[in-house]
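Read left to right, the sequence shown gives residues 5 to 207 (the numbering used here).
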Amino acid sequence: MGLFKVDGPVYEFFRRFIDVLKLNLLWYIFSLPIVTIGASTVAVYSVTLKMAEDREGYIGRDFVKAFKANLRQGIPLGLITLAAIYVVYLNFSLFYAIESNPLPLLIIGILAGVYFLLSLLYAYPLSARYQNTLRNTLNNSFQISIKYIGRTLFLLFIIAFVIVFCLYNTTTIFFGILIGPTFIMFTVSVFSLRIFKQIEKDL
5 MGLFKVDGPV
15 YEFFRRFIDV
25 LKLNLLWYIF
35 SLPIVTIGAS
45 TVAVYSVTLK
55 MAEDREGYIG
65 RDFVKAFKAN
75 LRQGIPLGLI
85 TLAAIYVVYL
95 NFSLFYAIES
105 NPLPLLIIGI
115 LAGVYFLLSL
125 LYAYPLSARY
135 QNTLRNTLNN
145 SFQISIKYIG
155 RTLFLLFIIA
165 FVIVFCLYNT
175 TTIFFGILIG
185 PTFIMFTVSV
195 FSLRIFKQIE
205 KDL
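In structure tokens form, the structure reads like this:
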């Protein structure tokens, strides 16, 4: 049957699934020191951006090569991401810890969370695709998020849906751990690639 041919949809689905599974495992392993999580994430995006264009090669080799090439920028990007998450977490923790639940603290936490999210959403695929300073990468991510706000909101909706789905029960949690992070990064890559190509075309 054509459905099960080597170039058929079933084969293609399982090939993609195995690629995402491999990438996810590599991401876990190379992120273990925590400090390298940024470089590991940029490396995943380097591969998933190629996957989005159907031009990926050997997953493991491409990942390791991208990981080494992006250590210098990936490590500080990862540390900034962790710091941003901690700042927002600390803000909301203080909001709930203070008995009066001061509204200004809540507003600051929400605004900070939105700013960090928009600044980081496209930062990793930008780092994977282009050479730039860390400051410019974060600034470009924020500007892209605002300029393409409709696509950005739709992307965030999809990410939120995937996260909620993965947390639905023990089975979905298992699959979430197995492929969740890389599946989300692949989704971001698909959206990012279309935006990047549009920007490149307009230049």
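Positions of the beta carbon are idealized from the N, C-alpha and C atoms, including for glycine.
Keep in mind the model is a prediction, meaning the values are calculated, not measured.
What residue does the alpha helix (DSSP H) around residue i start on, and which one ends it?
i      : result
Glu211 : Because the chain spans 5 through 207 in this model, residue 211 falls outside it and cannot be assessed.
Asn144 : 138-151
Gly61  : Run containing Gly61: none; DSSP gives neither H nor E here.
Thr45  : 41-56
Gln77  : 75-101
Tyr119 : 107-125
Report yes if the C-beta distance between residue i and residue j is below 8 Å; otherwise report no.
i      : j      : result
Thr166 : Phe187 : Looking at the sequence provided, one finds Val at residue 166 rather than Thr. For Val166 and Phe187, yes; Cβs fall inside 8 Å.
Ser131 : Gly61  : no
Cys170 : Ile162 : no
Leu25  : Leu121 : no
Leu4   : Ser149 : There is no way to answer for residue 4, as the model of the chain reaches only from 5 to 207.
Tyr134 : Ile199 : no
Leu98  : Leu109 : yes
Counting only the same chain and skipping the five closest in sequence on each side, list residues whose C-beta sits under 6 Å from that of residue i.
i      : result
Leu75  : Ala43
Leu142 : Ser123, Ala127
Gly117 : Val92
Met5   : Residue confidence for Met5 is low, a pLDDT of 49 falling below 50, so the modelled location carries little weight; the figure read from the coordinates is stated next. For Met5, where only same-chain residues beyond five positions count, there are no Cβ hits under 6 Å.
Which same chain residues end up closer than 8 Å to residue i when comparing Cβ atoms and leaving out the 5 residues on each side of it in sequence?
i      : result
Ser193 : Tyr49, Thr52, Leu53, Met55, Ala56, Pro129
Glu16  : none
Asn136 : Leu130, Asn144
If residue i and residue j are in contact, beta carbons under 8 Å, what's the gap, nearest whole angstrom?
i      : j      : result
Val46  : Leu81  : 7 Å
Leu30  : Phe67  : 5 Å
Phe190 : Leu159 : That pair is no contact at about 12 Å.
Leaving aside the five residues before and after residue i along the sequence, list all residues of the same chain whose C-beta is less than 7 Å from its C-beta, in chain order.
i      : result
Asp206 : none
Asn28  : Leu182, Ile183, Pro185, Thr186
Leu138 : Gln77, Pro80, Leu81
Arg19  : none
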